[in-house]
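With UniProt numbering, the residue at position 169 of the sequence shown is 169, and numbering never jumps.
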Amino acid sequence: MMYPVLYYLLAIAAYPYLIYPFFSFLASLFKANKKYPSYYPPVTVLIAAYNEVDCIRQKLDNTFMLEYPSDQLKVVVLTDGSTDGTDLAVRADGRAKLLHDTIRKGKAGAINKAINFIETDIVVCTDANTMLNTEALKELVKFFQEPLIGAVAGEKRVLGISGDHDLSAEGFYWKYESIIRVMDSKAFSVTGAAGELYAIRKELLKPVPDDTICEDLTITMRVLEMGKRVVYEPLAYGTENASLSIQDEWKRKVRIAAGSIQFFERFRLLRFCVKQPFAAFQLISRKLFRWLVVPYVLVVLLPLSIFLFLNTHDPYVLFMVVVQLVFFGWAISGYFLSKRKNQSGIFYFPFYFLLANAAIIMGTFQYLRGRSFVLWEKIKR
Numbered sequence: 001m002m003y004p005v006l007y008y009l010l011a012i013a014a015y016p017y018l019i020y021p022f023f024s025f026l027a028s029l030f031k032a033n034k035k036y037p038s039y040y041p042p043v044t045v046l047i048a049a050y051n052e053v054d055c056i057r058q059k060l061d062n063t064f065m066l067e068y069p070s071d072q073l074k075v076v077v078l079t080d081g082s083t084d085g086t087d088l089a090v091r092a093d094g095r096a097k098l099l100h101d102t103i104r105k106g107k108a109g110a111i112n113k114a115i116n117f118i119e120t121d122i123v124v125c126t127d128a129n130t131m132l133n134t135e136a137l138k139e140l141v142k143f144f145q146e147p148l149i150g151a152v153a154g155e156k157r158v159l160g161i162s163g164d165h166d167l168s169a170e171g172f173y174w175k176y177e178s179i180i181r182v183m184d185s186k187a188f189s190v191t192g193a194a195g196e197l198y199a200i201r202k203e204l205l206k207p208v209p210d211d212t213i214c215e216d217l218t219i220t221m222r223v224l225e226m227g228k229r230v231v232y233e234p235l236a237y238g239t240e241n242a243s244l245s246i247q248d249e250w251k252r253k254v255r256i257a258a259g260s261i262q263f264f265e266r267f268r269l270l271r272f273c274v275k276q277p278f279a280a281f282q283l284i285s286r287k288l289f290r291w292l293v294v295p296y297v298l299v300v301l302l303p304l305s306i307f308l309f310l311n312t313h314d315p316y317v318l319f320m321v322v323v324q325l326v327f328f329g330w331a332i333s334g335y336f337l338s339k340r341k342n343q344s345g346i347f348y349f350p351f352y353f354l355l356a357n358a359a360i361i362m363g364t365f366q367y368l369r370g371r372s373f374v375l376w377e378k379i380k381r
């Protein structure tokens, strides 16, 4: 019979990806979907743009074509540190307020500065390379009719090589994430929002340390700390291109991993557990397990399985070894297929999963060694 330690490790590895989502699904069944009437308060769209001259005009056109009353819409573009003329393009366009500084402090620093220039009660944060669907603003803003809701996360959709967000493994991952976030939001709240698109009440948008790596996570988790909910609306979405190479995706995930470790290092988790126990349960299940537990379980699971089999010749343990070897072989096949620009999820996803977990370990190691991730180098396309 298979050794209990393998059951425990398997359960830990499966918990944030399979077991917790089942719990979230059950909890969501007890909450009814709430309908909100049309609502068009004044809104400021805050666009972060570092060296985005190639897409900033498209982004501005996209923003001003959104279905929202023009007299209720203000647009602010942050171009701090840009050296490619992004600020000049925004100034020449003339439709948005430009905030530019030659000194680059990172996205967190730019948002901190912008807070003082925002005059509306609702702020929508987005990136210059993220294009929004026409209904995005009204779908986000409608939730603010409920005082308990402090922020709304939009959906991130990733375009593959063919332009179809369903084809890339990265896109497949975000569709999986969206399903879980819908359930989490209905059950109580989502724990964090993607920086590509989220809305927040101005009174809850507080400055974060300039060296914050994942400012979107920190900002939206503070909303939960202040006793408000963060909900999710998949009808409001932003699309962006997938990473062009494995190297680009690796660097992005290493940086996110470092930001996650920084977040938990600074976050007062015990206090949060006392103040917001259900949200804390969601945070621990969705984030902490993924970033601080599962990657290291995956490192020891295969060697331990092989060791136990060699010493016991247990057929159940052998089955575990074979399953893991098949999965790793599948992942290696995905790696070579990715070299041929074939990133179909069914072949590439196992490799993408292992890549993400390896990046967590590397990002943790590099952050603890003191590497700075505040200034993100834009991926050239």
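Every residue, glycine too, gets a C-beta built ideally from N, C-alpha and C. Note that the coordinates shown come from a computational prediction; the quantities given were computed from them, not determined experimentally.
- Distance between Ala-128 and Ala-136, taken at the CA atoms: about 15 Å.
- Selection Arg-369, Tyr-176, Leu-197 and Ala-151 evaluated against Leu-224 yields Ala-151 as nearest (Cα-Cα).
- For Gly-154, the enclosing beta strand (DSSP E) starts and ends at 149-159.
- Distance from Pro-16 to Arg-286 at the Cβ level is roughly 6 Å; contact confirmed, criterion being Cβ atoms closer than 8 Å.
- Residue state for Ile-103 is assigned as coil, using DSSP reduced to three classes.
- Look at the beta carbons and you see the region 213-221 not touching the region 305-325: under three pairs across the two are nearer than 8 Å.
- Within the region 37-76, the runs of alpha helix (DSSP H) that reach at least 4 residues and sit entirely inside it are, in chain order, 56-64.
- Collapsing the DSSP output to three states places Ile-306 in a helix.
- Note on Gln-145: under 16 other CB atoms within 10 angstroms of its CB, so exposed under the neighbour-count rule.
- Out of Glu-203, Glu-139, Ala-356 and Ala-108, the CA that lies nearest to the CA of Tyr-39 is found in Glu-139.
- For Trp-250, same chain residues with a beta-carbon under 7 Å away, outside a window of 5 residues either side, are Leu-355 and Ala-359 in chain order.
- Contact between Ser-185 and Val-231 holds: their C-beta atoms lie close to 5 Å from each other, under 8 Å.
- The straight-line gap separating the alpha-carbon atoms of Asn-357 and Trp-291 is approximately 8 Å.
- In the DSSP assignment, Tyr-7 falls within the unbroken alpha helix (DSSP H) covering 4-14.
- With respect to the 8 Å criterion, Leu-60 and Arg-91 are not classified as neighbours on the basis of their beta carbons.
- Under DSSP, Asn-241 shares a beta bridge with Leu-159.
- Note on the region 264-300: whole alpha helix (DSSP H) runs with a minimum of 4 residues are 269-275 and 277-283, in chain order.
- For Leu-217, the enclosing alpha helix (DSSP H) covers residues 215-225.
- Beta-carbon to beta-carbon, Val-123 and Ile-200 are separated by about 6 Å, close enough to satisfy the 8 Å threshold.
- The shortest C-alpha to C-alpha distance from Thr-44 to any of Lys-228, Phe-309 and Asn-116 is the one to Asn-116.
- Ranked by how close their Cα comes to the Cα of Leu-159, the residues Leu-148, Ile-149 and Met-131 have Met-131 in first place.
- Here the alpha carbons of Ala-280 and Gly-171 stand approximately 27 Å from one another.
- Three or more Cβ pairs closer than 8 Å define a contact, and the region 46-66 falls short of that threshold against the region 14-33.
- Separation of Leu-98 and Phe-188 (C-alpha to C-alpha, rounded to the nearest whole angstrom) is 37 Å.
- Glu-155 counts as buried, since no fewer than 16 other beta carbons sit within 10 angstroms of its beta carbon.
- For Tyr-20, the uninterrupted alpha helix (DSSP H) segment begins and ends at 20-28.
- Residue environment analysis places Met-320 among the buried positions, since at least 16 neighbouring C-beta atoms fall within 10 angstroms of its C-beta.
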